[in-house]
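Engineer: First the structure, which I've put down as structure tokens, then a few questions once you've had a look.
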Amino acid sequence: MSRASLFLDTQIIGITAVAILSRAVALKGVQKILGRLEADEQLRAVAKREQPLVPAPPPGSDKIVVSRDPSAQFG
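Okay, so the sequence shown: first residue is 6 according to our numbering, each after it adds one.
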């Protein structure tokens with residue numbers, strides 16, 4: 006395991022502990038990590054938890070999954 010990965014894992018564990026006391030502070034910590042990792046804006050917006058989630062196709066697909074039942078999976 007690389008030092009960078011260990012550091013990131015430690016930060017995520019710390020943010021999880023902080024979330025018990027303050028969700029807002031924990032979400033700000035997540036934003037800092039995503040910024041440092043140069044995550045795209047869509048991921049950062051979802052991670053802010055300020056807006057309701059919008060259905061979107063999973064990676065590699067152009068269809069939104071509406072059910073886990075294979076016979077009725079896509080809408």
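From the three backbone atoms N, C-alpha and C, an ideal C-beta is built for every residue, glycine too.
How many Å lie between Leu-39 and Arg-49 at the Cα?
Structural biologist: 7 Å
Engineer: Give me the Cα-Cα distance between Val-59 and Thr-15, rounded to the nearest whole angstrom.
Structural biologist: 30 Å
Engineer: Nearest to Leu-42 by alpha carbon, out of Leu-26, Ser-76, Val-23, Leu-13?
Structural biologist: It is Leu-13.
Engineer: Which residues bound the alpha helix (DSSP H) around Ser-10?
Structural biologist: 8–26
Engineer: Whose C-alpha, out of Val-35, Ala-31, Gln-47, is nearest the C-alpha of Gln-56?
Structural biologist: The option with the nearest alpha carbon to Gln-56 is Gln-47.
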